[in-house]
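Okay, so here's the structure we're looking at.
Residue numbers (this note's numbering): 1 to 76.
The following block contains the structure:
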């Protein structure tokens, strides 16, 4: 599982993300949780105007595509 967490997010504040991470650690599932400093909720989408945060978006999409490549590509 991959979680890209914006530093500024009223829908998922830090205490909520901290609780999520504590639960993930307890469950021992394979996950990656990253904070994106200076980014707001919705930062990965260019159509979001001033909320779009290009450095964070590029890192996010790279991480997400790597996850897909590792787990969804067939060996055909």
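All C-beta atoms in this analysis are idealised placements derived from N, C-alpha and C, irrespective of residue type, glycine included.
Compute the Euclidean distance between the alpha carbons of residue 13 and residue 43, then round it to the nearest angstrom. Between the C-alpha atoms of residue 13 and residue 43 there is a straight-line separation of about 15 Å.
Measuring CB atoms only, is the region 46-56 touching the region 10-25, in the sense that at least three cross pairs come out at less than 8 Å? Contact between the region 46-56 and the region 10-25 is absent, because fewer than three Cβ pairs lie under 8 Å.
From 67, 41, 30, residue whose alpha carbon lies closest to that of residue 56: Shortest Cα-Cα distance from residue 56 to any of 67, 41, 30 involves 41.
Among the residues of its own chain, which have a CB less than 6 Å from the CB of residue 60, if the five just before and after it don't count? 4, 44.
Report all residues from its chain with a CB closer than 6 Å to the CB of residue 31; omit the five preceding and five following residues, and keep chain order. In its chain, beyond the 5 residues on either side, 1, 24 have a beta carbon closer than 6 Å to the beta carbon of residue 31.
Output yes or no for whether 7 Å exceeds the beta carbon distance between residue 58 and residue 38. For the pair residue 58 and residue 38, the CB atoms are not nearer than the 7 Å cut-off.
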